[in-house]
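Here the structure is laid out as structure tokens; the discussion comes afterwards.
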Amino acid sequence: MTVAERMSFSGHETFPFRYAWLKKAVDAVARDGCAFHADDAAVRLGVGKNMVASIRHWGVVTGMLEEAPGRCGGRVRQLQATVLGRSLLGDDGWDPFLEDPGTLWLLHWQIASRPAGATTWWWVFNQFPATVFTRGELLDALQALVSQWGAARVTGATLKRDLDVFLRTYAPRARRNSVLEDTLDCPLAELGVIRASRRDQTYALVRGDHDTLPDEIFAWALAQHLARRPAGAQTVRLEELAFGAGAPGRVFCLDEPGLLGRLDRIEALTEGGVVFDETAGLKQAYVREAPDPARLLHLYYDPRSAEDRVRWPSRQRAS
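Numbered per our numbering, the sequence shown spans residues 12 to 330.
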């Protein structure tokens, strides 16, 4: 399936997700796989009717929800929480209220590392060449891209709404006479990967060390990226990890020191499975054994992994 066939610029109903939404989604499908299609779905979720579809959308796009075997009448599939969704957001989950910045980086990766589900998010972080742009420039580039893909069904109005939600995800506009909590429509604004300038109406991708990004979450994302590469590929050049589409350096907006620092610590975290080295001026990672993403998440979140956390040191754990 091509990128054009997988792309999506709608489904969010013009809402970025909010702090409680993903937890609501996981809890709802735990009780009823057809919760989002029930007549009283808005009452069950405690939101307005126009937000029900948005919560469902973000639950799927972030990988907290997935389709289940059963159907809700007709051709509509039931939903269930994924293993990741239950582990993070279940009643006994690792971080059900998104209090750990590491979780926000994880959700950002889930949304922006693949083109399906939230194409604008993926495209800006992985394909768009500029680091400073206006809303109009980004819209023009998106329209050109959609035209190139031959997606006539995607209208200009759809792209404008999608772009507005994207920008509000990371750089919401402050409103007069409102407290800070009311201005942060989406928790991902805390990551600081996009900076808005009121003076000249521009936005900038912020590349840096991003010290709230835990080593374990970076390693988890790297493990996923490696799994998407051709089978048998044993080396990954630094340039690919920094600038390749879907690579952790690109998606997490890491500068070179931030990326190199984490790669220097990757051997301990992956138990020697991935080693970063520089030989004859060539910087690359050697994949001796594919790291287990699930183990890396347990290493970060699970209290039972406390001993492992001593054995496999991380620079820090954001809290």
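Just so it is clear, CB atoms sit at the ideal spot from N, CA and C, and this is done for glycine as well.
Asked, Found
"Segments assigned beta strand (DSSP E), at least 3 residues, entirely inside the stretch 47 to 112", "76 to 82, 88 to 92"
"Nearest-angstrom Cβ-Cβ length linking L76 and A92, presumed shorter than 8 Å", "6 Å"
"Collapsed DSSP secondary structure at F20 in the structure displayed", "coil"
"Outcome for L293 when other beta-carbon atoms lying within 10 angstroms are tallied against a minimum of 16", "exposed"
"6 Å CB neighbourhood of G128 in its chain, flanking five on each side removed", "S19, V72"
"Beta-carbon spacing of A79, R88 below 8 Å", "yes"
"Three-pair Cβ contact test at 8 Å for the stretch 266 to 281 versus the stretch 159 to 176", "no"
"Whole-angstrom distance between K34 and F229, CA atom to CA atom", "23 Å"
"Every unbroken beta strand (DSSP E) within the stretch 233 to 259, with a cutoff of 3 residues, ordered by chain", "246 to 248"
"Own chain residues within Cβ distance below 8 Å of A349, not counting five before or after", "Here the chain comprises residues numbered 12 to 330, so residue 349 is not present and cannot be evaluated."
"Helix, strand or coil at G219 [DSSP, three-state]", "strand"
"Proximity winner among V40, V58, A279, relative to C83 (alpha-carbon distances)", "V40"
"Classification of Q212 by the beta-carbon crowding that lies within 10 angstroms, buried from 16 upward", "exposed"
"Cβ-based neighbour list, H236, same chain, cut-off 7 Å, excluding 5 preceding and 5 following", "G257, A258, P259"
"Secondary structure of R125, DSSP reduced to three states", "coil"
"V157 burial status per 10 Å Cβ neighbour count (16 or more: buried)", "buried"
"Neighbourhood of E11 by C-beta distance below 8 Å, restricted to the same chain and skipping five residues each side", "Residue coverage of the chain in this structure runs from 12 to 330, which leaves residue 11 outside it and unanswerable."
"Nearest-angstrom Cα separation, counted from E278 out to T130", "33 Å"
"Reduced DSSP secondary structure (H/G/I, E/B, other) of D151", "helix"
"Cα-Cα separation between C197 and A291, rounded to whole angstroms", "45 Å"
"Inter-residue spacing [alpha-carbon to alpha-carbon] between R146 and L174", "8 Å"
"Alpha-carbon spacing of L307 relative to A238, whole angstroms", "14 Å"
"Nearest residue (CA-CA) to S21, options T166, W105, D111", "T166"
"For T290, the residue or residues it bridges with in DSSP", "L293"
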